[in-house]
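Chemist: Going by the numbering used here, the sequence shown opens with residue 266, and the numbers climb by one from there.
The structure is given below, and queries will be raised subsequently.
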Amino acid sequence: MDDTPILVELREGYRVITLNRPDRLNSFNEAQHKAFFAAVADAEADAACGALVITGAGRGFCAGQDLSDRVTPEGGEPPNLSVTIETYYNPLLKKLRALPFPTIAAVNGVAAGAGANIALACDIVIAAKSAKFIQAFAKIGLIPDSGGTWSLPRLAGAARARALALTGDPLTAETAADWGMIWKAVDDDALMAEVTALAERFAAGPTVGYDLIKQALDASETNDFATQLDLERDLQGKAGRTPDYAEGVRAFMEKRPPNFVGRRKG
Numbered sequence: 266m267d268d269t270p271i272l273v274e275l276r277e278g279y280r281v282i283t284l285n286r287p288d289r290l291n292s293f294n295e296a297q298h299k300a301f302f303a304a305v306a307d308a309e310a311d312a313a314c315g316a317l318v319i320t321g322a323g324r325g326f327c328a329g330q331d332l333s334d335r336v337t338p339e340g341g342e343p344p345n346l347s348v349t350i351e352t353y354y355n356p357l358l359k360k361l362r363a364l365p366f367p368t369i370a371a372v373n374g375v376a377a378g379a380g381a382n383i384a385l386a387c388d389i390v391i392a393a394k395s396a397k398f399i400q401a402f403a404k405i406g407l408i409p410d411s412g413g414t415w416s417l418p419r420l421a422g423a424a425r426a427r428a429l430a431l432t433g434d435p436l437t438a439e440t441a442a443d444w445g446m447i448w449k450a451v452d453d454d455a456l457m458a459e460v461t462a463l464a465e466r467f468a469a470g471p472t473v474g475y476d477l478i479k480q481a482l483d484a485s486e487t488n489d490f491a492t493q494l495d496l497e498r499d500l501q502g503k504a505g506r507t508p509d510y511a512e513g514v515r516a517f518m519e520k521r522p523p524n525f526v527g528r529r530k531g
């Protein structure tokens with residue numbers, strides 16, 4: 266078995282990052298943190314990358330932080346978790362959210378703790394029906410991190426967010442889809458085919474336009490209506506000057522599929 270903590274596969278127009286510590290349910294240690302951040306940064310820097318898929322090896326997506334290096338001896342000095350968050354999790358989540366192309370979490374099994382919230386930070390989450398999302402933090406006396414206290418109320422609503430955070434009870438993929446927390450739950454054996462089809466669609470699409478859509482939706486979290494209208498005006502102006510808009514209009518008038526160039530010339 267490959268002991269590299271992160272596997273990266275370059276496909277036509279997109280990349281697949283696989284968390285690769287299956288014996289630990291892909292939980293994070295320092296090596297995996299560093300490799301994952303580097304892989305995301307490499308994807309961001311690649312003008313030919315039009316989408317990013319994140320998944321896990323084996324039977325889990327990611328169980329969050331590997332707690333084997335967090336055991337404090339009786340009377341010993343506890344670890345400073347603020348340092349871990351500031352050094353690893355926060356930079357990763359900020360970079361992931363800011364990527365200029367669509368991100369897809371292919372949740373193939375348990376997504377717990379930071380693993381759940383990394384998945385929820387992606388633009389689109391598709392999960393196997395056997396997968397579960399667990400805000401496991403309260404069970405060890407912690408609060409949700411990796412954006413959990415931000416994303417849960419927005420995705421699940423205030424009442425459900427509090428219950429998920431305070432109980433740490435597992436949430437099935439199908440219930441998460443019913444609640445609107447994720448895009449969809451699919452049969453386990455259909456997961457990667459579904460994700461691949463979507464990634465290929467994004468890779469062939471107007472990726473500059475996708476970036477502007479993401480910017481607008483992110484800003485809407487804090488903008489008032491009038492401010493958002495102004496932002497739509499400005500971003501639409503940028504979108505209208507891209508080669509993809511001109512091609513999209515020509516293709517529509519000529520009743521043919523568009524041939525977008527995306528970030529390669531956007």
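For glycine and all other residues, C-beta sits at the position ideal for the given N, C-alpha and C.
#1: Using only the alpha-carbon positions, how far apart do L456 and K394 sit?
#2: Taking the CB atoms as reference points, tell me whether S416 and Y354 lie closer together than 8 Å.
#3: For I350, which of helix, strand or coil comes out of DSSP?
#4: Pull up the distance between the alpha-carbon of F467 and that of A403, whole angstroms please.
#5: Looking only at its own chain, which residues have a Cβ that is under 6 Å from the Cβ of R362, when we skip the five neighbours before and after it?
#6: Determine the DSSP secondary structure at V318, reduced to helix, strand or coil.
#7: Nearest by alpha-carbon distance to D288: which of G325, I319, A308, A303 is it?
#8: T437 to Q297, Cα distance in whole Å?
#9: Only counting the same chain, and skipping five residues up and downstream in sequence, which positions put a Cβ closer than 7 Å to that of E295?
#10: Looking at the unbroken beta strand (DSSP E) that takes in L275, where does it start and where does it end?
#11: One question on the structure: do V460 and G527 come within less than 8 Å of each other, judged by their Cβ atoms?
#12: Between the C-alpha atoms of M266 and A462, what's the straight-line distance to the nearest angstrom?
#13: In angstroms, rounded to a whole number, what distance separates the CA positions of A316 and A450?
#14: Work out the CA separation of D499 and A481 for me, nearest whole Å.
#15: Of the residues D434, D495, L420, A458, which one's Cα is nearest the Cα of D443?
#16: Grab the span of the alpha helix (DSSP H) containing F302 for me, first residue to last.
#17: Does the region 297-316 come into contact with the region 359-374, if we say contact requires no fewer than three beta-carbon pairs (one atom in each stretch) closer than 8 Å?
#18: Taking C-alpha atoms, which residue in I271, V305, V318, A426 lies nearest to Y279?
#19: Please identify the residue among D483, G378, D452 whose C-alpha is closest to the C-alpha of G406.
#20: With a threshold of 6 Å on Cβ separation, who are the neighbours of G323 within its own chain once the five nearest residues in sequence on each side are excluded?
#21: Using C-beta distances below 8 Å, list every residue in its chain close to A430, excluding the 5 sequence neighbours before and after it, in chain order.
#22: Would V375 be called buried (16 or more neighbouring beta carbons within 10 Å of its own) or exposed?
#23: Starting from the N-terminal side, write out each stretch of the alpha helix (DSSP H) that is 4 residues or longer and does not extend beyond the region 371-421.
#24: State the beta-bridge partners of K449 as determined by DSSP.
Modeler: By the coordinates alone:
#1: Looking up residue 456 in the sequence shown gives position 191. Looking up residue 394 in the sequence shown gives position 129. In this structure, the straight-line span from the alpha carbon of L456 to that of K394 is close to 9 Å.
#2: Residue mapping note: residue 416 aligns to position 151 of the sequence shown, counting from 1. Residue mapping note: residue 354 aligns to position 89 of the sequence shown, counting from 1. No. Outside cutoff.
#3: On the sequence shown, residue 350 is found 85 positions in, with the first residue counted as 1. Helix at I350.
#4: In the sequence shown, the residue the question calls residue 467 occupies position 202. In the sequence shown, the residue the question calls residue 403 occupies position 138. Each residue's alpha carbon lies about 37 Å from the other.
#5: Here the question's residue 362 lines up with position 97 in the sequence shown. Same-chain partners within the cutoff: A386.
#6: Translated into positions along the sequence shown, residue 318 becomes position 53. Note: V318 maps to strand in three-state DSSP.
#7: Residue 288 sits at position 23 when you count from the first residue of the sequence shown. Looking at the Cα atoms, G325 is the closest of the given residues.
#8: Within the sequence shown, numbered from 1, the residue matching residue 437 stands at position 172. Within the sequence shown, numbered from 1, the residue matching residue 297 stands at position 32. Computed Cα separation, rounded: 26 Å.
#9: Within the sequence shown, numbered from 1, the residue matching residue 295 stands at position 30. Nothing meets the Cβ criterion.
#10: For the purposes of this step, residue 275 is taken as residue 10 along the sequence shown, with counting starting at 1. If you look at L275, you'll find it in the beta strand (DSSP E) that goes 271-276.
#11: Taking the first residue of the sequence shown as position 1, residue 460 is located at position 195. Taking the first residue of the sequence shown as position 1, residue 527 is located at position 262. Contact flag unset, no.
#12: Within the sequence shown, residue 266 is the residue found at index 1, counting from 1. Within the sequence shown, residue 462 is the residue found at index 197, counting from 1. Only weak support exists for where M266 lies, its pLDDT of 48 falling under 50; the value from the coordinates is given anyway. Their Cα atoms are separated by approximately 27 Å.
#13: As a working mapping, residue 316 is identified with position 51 in the sequence shown. As a working mapping, residue 450 is identified with position 185 in the sequence shown. In a straight line, the C-alpha of A316 is about 20 Å away from that of A450.
#14: The residue you call residue 481 lines up with position 216 of the sequence shown. The residue you call residue 499 lines up with position 234 of the sequence shown. Each residue's Cα considered, the two are about 10 Å apart.
#15: Here the question's residue 443 lines up with position 178 in the sequence shown. Selected option, being the one with the closest Cα: L420.
#16: The count along the sequence shown starts at 1 and reaches residue 302 at position 37. Its alpha helix (DSSP H) spans residues 295-310.
#17: yes
#18: As a first step, residue 279 is located in the sequence shown; it is residue number 14 there, counting from the start. Checking every option, the nearest Cα to that of Y279 belongs to V318.
#19: In the sequence shown, residue 406 corresponds to position 141, counting from 1. Out of D483, G378, D452, G378 has the C-alpha closest to the C-alpha of G406.
#20: The sequence position of residue 323 within the sequence shown is 58, counting from 1. Answer for G323: P287, listed in chain order.
#21: Numbered from 1 along the sequence shown, position 165 holds the residue referred to as residue 430. Q400, F402, A403, I408, P409, G413, T414, L417.
#22: Looking up residue 375 in the sequence shown gives position 110. Classification of V375: buried, given that the 10 Å Cβ count is 16 or more.
#23: 379-385, 413-421
#24: In the sequence shown, the residue the question calls residue 449 occupies position 184. Answer is I391.
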